[in-house]
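Written below as structure tokens is the structure these notes are about.
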Amino acid sequence: MLRSPFALALCAVCLICARLGAQERPAVTNAPVQPVEATSPAELVPVADGPKDKLTELMQRVSHLEDELKKSKQKAADAAKKPTLNWSFQIQADSIWSDQDAVNRAAVGSIPDGAAFRRARFNMFGEYGQVEYRLGLDFALPGRPSFIDVFVGLNDVPWLGHVRAGHFFEPFGLEQYSQNRFITFMERSLPTEPISPGRNTGVMAFDTYADQRGTWAVGAFHTDSDVFGDDTGNDFRSAATGRVTYLPWYDEATDGRDLLHLGLAYSARATKGGQVRFAVRPELRSGSAAPNVPNFVDTGAVGAGFYQLIGAEALLIRGPFSAQGEYVLVPIDTYASGAVYLQSWYVYGSVFLTGENRTYRRSTGMLDRISPRRDFVGRESRSLGRGPGAWELALRLSHLDLNNGGVRGGRLTDLTAGLNWYLNPYLRITANYIRAFQTTRTGQHGAADLYGVRVGFDF
């Protein structure tokens, strides 16, 4: 007799399991065993066509991608061993016409009307580590093509910052030193284009200071470079030119929407053949080759072995409003009359009707590209007219006095009204009207009205 409840429960479980096992066991019969039908090979699923093949295919794809990545890295490594190469282009197509009074026509002749390419430029530029280079050609200038910026430079030079050798602008003046693409009017102002030095062959060092609050540049140049940058001869035609700028204030939060720029420039220059000459046309050209707008004032050849250029510049930007001006004094040590002082200045203001502002490049103390808030012509197809672009009105007054001491070159005062339509950052239409007031070398007063329209594109 079982005395324990555990023993009773164990016996009950064993009896239940025995009955269940008897129910599931099939009955044993003497019937013959039926053969199993063979399955056709087509109904079998090959193991080789299953997950194993998919894994193999995936591995092959990964291997191919690794090979392509390796080739790409090798190309990048090979490219890093060579200088980079970039391209830029610029086209400016102008149309001009004019009207003259009798005194002006008698003094300078007829001003030709017509259409011409002011600039048609092609640039190649790049770098190799600390080395930079640029080769610029202009097919609208008389050389067709003529050299513009052609130089080699070295960056991150201790104590100097940047050093450049070749053919480029001497560092003098805000408007002259800035790229033509970014100035407000069709042509630079009276003290800039004829008085301030342009591109010459030489060497220059430049950099920033005070956390890019200011810039400095100084260089030595030959002063009579031709259209290919060449300057040869027995005369010591050389110049030392320098410029320094400073930003008393600059709004960092708006990237210069509110700023004040001040600058000074100086150049000491030896003359060619013991003579110097200043001949100046109004602030408009008919292309870059002859026939062209004639000179309204002209000193003729002045006997001198040395002269100087002393310049002061200022730029104020307050949102869409801006004002800019420069003054240039030209002391000449003449053989016949001793010290002679010629002078020129300009001042102008502009306003963006669409709210944009003029821009400024702190690394070089120059003007920079205008970008509309909403492009009139965008990158996408069928984007014409989605925005107004940027509209700018400008008014300029320029004066040049070439009368002093024994030098009688005449006087010229230009009043210029300008309208700029920036369809996008790279396409611009400009219209200028110029009223030129001339005082001839003999003291007669004449005037001319000049009109110009330009379509410009660059990238």
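Using mature numbering (1 follows the signal peptide of the UniProt record, and there is no 0), the letters of the sequence shown map in sequence onto residues -22 to -1, 1 to 437. Virtual Cβ for every residue (Gly too), placed ideally from N, Cα, C. No experiment lies behind these values; they were computed from the predicted model shown.
Between the CA atoms of residue 82 and residue 88 - distance to the nearest angstrom: For the purposes of this step, residue 88 is taken as residue 110 along the sequence shown, with counting starting at 1. For the purposes of this step, residue 82 is taken as residue 104 along the sequence shown, with counting starting at 1. Distance between the alpha carbons of residue 88 and residue 82 is about 9 Å.
Spatially closest choice to residue 328 from 295, 130, 43, 172, by CA coordinates: Looking up residue 328 in the sequence shown gives position 350. Each of 295, 130, 43, 172 was checked against the Cα of residue 328, and the nearest Cα belongs to 295.
Start and end residues, beta strand (DSSP E) containing residue 296: As a working note, residue 296 is residue 318 in the sequence shown. Start and end: 280 to 296.
Return the Cβ separation of residue 142 and residue 181 in integer angstroms, given the expectation that the two are a contact with Cβ distance under 8 Å. If you number the sequence shown from 1, residue 142 lands on position 164. If you number the sequence shown from 1, residue 181 lands on position 203. Yes, they are in contact, since the Cβ atoms of residue 142 and residue 181 sit about 7 Å apart, within 8 Å.
Could you check the C-alpha separation between residue 415 and residue 376 for me, to the nearest Å? One-based indexing of the sequence shown puts residue 415 at position 437. One-based indexing of the sequence shown puts residue 376 at position 398. Residue 376 has its alpha-carbon roughly 10 Å from the corresponding atom of residue 415.
Helix, strand or coil, according to DSSP, for residue 119 in the structure here? Locating residue 119 in the sequence shown gives position 141, counting from the first residue. Looking at residue 119 - three-state DSSP - the assignment turns out to be coil, as it is neither helix nor strand.
Looking at the secondary structure, which residues open and close the alpha helix (DSSP H) in which residue 82 lies? By 1-based counting over the sequence shown, the position of residue 82 is 104. In the DSSP assignment, residue 82 falls within the unbroken alpha helix (DSSP H) covering 80 to 86.
CA nearest to the CA of residue 315, picked from 386, 243, 70, 90: The count along the sequence shown starts at 1 and reaches residue 315 at position 337. The shortest Cα separation from residue 315 among 386, 243, 70, 90 belongs to 386.
Alpha carbon to alpha carbon, how far is residue 344 from residue 281? In the sequence shown, the residue the question calls residue 344 occupies position 366. In the sequence shown, the residue the question calls residue 281 occupies position 303. Roughly 35 Å between the two C-alpha positions.
If you run the structure through DSSP and keep just helix, strand and coil, what is residue 160? Position 182 of the sequence shown, counted from the start, is the residue given in the question as residue 160. DSSP, read as helix, strand or coil, puts residue 160 in helix.
Local conformation of residue 355 per DSSP, three classes: For the purposes of this step, residue 355 is taken as the residue at position 377 of the sequence shown. DSSP, read as helix, strand or coil, puts residue 355 in coil.
Exposed or buried, what is residue 135 when buried is set at 16 or more other beta-carbons lying within 10 Å of its beta-carbon? Along the sequence shown, read from residue 1 onward, the residue named residue 135 stands at position 157. Exposed: under 16 other Cβ atoms inside 10 Å.
Beta-carbon contacts of residue 129 that lie in its chain and below 8 Å, excluding the five residues immediately before and after: Along the sequence shown, read from residue 1 onward, the residue named residue 129 stands at position 151. Shown here for residue 129: same chain residues with a beta carbon closer than 8 Å to its own, the five before and five after excluded, namely 111, 112, 142, 143, 144, 145, 146 in chain order.
Contact defined as beta carbons within less than 8 Å: I believe residue 215 pairs with residue 201. What is the distance between those atoms, to the nearest angstrom? Here residue 215 is taken as the residue at index 237 of the sequence shown, counted from 1. Here residue 201 is taken as the residue at index 223 of the sequence shown, counted from 1. Cβ-Cβ separation between residue 215 and residue 201: approximately 5 Å, consistent with a contact (criterion under 8 Å).
The alpha helix (DSSP H) spanning residue 331 covers which residue range? Stepping through the sequence shown from its first residue, residue 331 is reached at position 353. Counting along the chain, no alpha helix (DSSP H) covers residue 331, and no H or E run does either.
Check residue 204 in the structure and name its three-state DSSP category. As a first step, residue 204 is located in the sequence shown; it is residue number 226 there, counting from the start. In the structure shown, residue 204 sits in coil (DSSP, three-state: anything other than H, G, I, E or B).
How is residue 172 classed by DSSP in three states: helix, strand or coil? Along the sequence shown, one-based indexing puts residue 172 at 194. Helix.
Of all the options 418, 420, 417, 410, which has the alpha carbon lying nearest to the alpha carbon of residue 430? By one-based count along the sequence shown, residue 430 stands at place 452. Of the listed residues, the one whose Cα sits closest to residue 430 is 410.
Specify the secondary structure class of residue 189 as computed by DSSP and reduced to three states. For the purposes of this step, residue 189 is taken as residue 211 along the sequence shown, with counting starting at 1. Assignment of residue 189 by DSSP, reduced to helix, strand and coil, places it in the coil class.
State whether the stretch 256 to 274 contacts the stretch 68 to 83, with contact taken as three or more CB pairs (one from each stretch) at a distance under 8 Å. They touch, by the three-pair rule.
Is the Cβ-Cβ distance between residue 234 and residue 337 less than 8 Å? Looking up residue 234 in the sequence shown gives position 256. Looking up residue 337 in the sequence shown gives position 359. Yes; because the gap between Cβ atoms is below 8 Å, this pair is in contact.
Going straight from the alpha carbon of residue 421 to that of residue 388, what length do you get? Locating residue 421 in the sequence shown gives position 443, where the first residue counts as 1. Locating residue 388 in the sequence shown gives position 410, where the first residue counts as 1. Residue 421 and residue 388 have their C-alpha atoms roughly 7 Å apart.
In chain order, what residues of the same chain have a beta carbon less than 7 Å from the beta carbon of residue 258, not counting five sequence neighbours either side? Stepping through the sequence shown from its first residue, residue 258 is reached at position 280. For residue 258, the CB contacts under 7 Å within the same chain, skipping 5 residues up- and downstream, are 168, 172, 273, 274, 275, 378, 390 in chain order.
Other residues of its chain near residue 251: CB distance less than 8 Å, five sequence neighbours each side excluded: For the purposes of this step, residue 251 is taken as residue 273 along the sequence shown, with counting starting at 1. Taking C-beta separations shorter than 8 Å and ignoring five residues to either side along the sequence, the partners of residue 251 in its chain run 213, following chain order.
Kindly indicate which three-state DSSP category residue 54 falls into: helix, strand or coil? Working through the sequence shown from its first residue, we reach residue 54 at position 76. Taken through DSSP and simplified to helix, strand or coil, residue 54 comes out as helix.
Would you check if the distance between the CB atom of residue 289 and the CB atom of residue 156 is smaller than 8 Å? Taking the sequence shown and counting its residues from 1, the one referred to as residue 289 is at position 311. Taking the sequence shown and counting its residues from 1, the one referred to as residue 156 is at position 178. At the C-beta level, residue 289 and residue 156 stay beyond 8 Å of one another.
Apply the 10 Å Cβ neighbour rule to residue 86 and answer buried if 16 or more other Cβ atoms are within range, or exposed otherwise. The residue labelled residue 86 in the question sits at position 108 within the sequence shown. Residue 86 is buried by the Cβ-count criterion.
Any C-beta of chain D under 8 Å from that of residue 145: The structure shown contains no chain D, having only a single protein chain.
Rounded separation between residue 396 and residue 434 - CA only: Reading the sequence shown from its first residue, position 418 is the one you call residue 396. Reading the sequence shown from its first residue, position 456 is the one you call residue 434. Here the C-alpha atom of residue 396 lies approximately 15 Å from the C-alpha atom of residue 434.
Local Cβ density within 10 Å of residue 357, reported as buried at 16 or more and exposed below that: Counting from one through the sequence shown, the residue named residue 357 turns up at place 379. Label assigned to residue 357: exposed.
Within 10 angstroms of the Cβ of residue 131, are there 16 or more other Cβ atoms? Answer buried if so, exposed if not. Taking the first residue of the sequence shown as 1, we reach residue 131 at position 153. Under the 10 Å beta carbon count, residue 131 is surrounded by 16 or more other beta carbons and is classified as buried.
To the nearest angstrom, report how far apart residue 68 and residue 253 are at their CA atoms. Counting from 1 along the sequence shown, the entry for residue 68 is found at position 90. Counting from 1 along the sequence shown, the entry for residue 253 is found at position 275. A straight line joining the alpha-carbon of residue 68 with that of residue 253 spans about 36 Å.
Per DSSP, residue 390 forms a beta bridge with which residues? As a working note, residue 390 is residue 412 in the sequence shown. According to DSSP, residue 390 shares a beta bridge with 378, 416.
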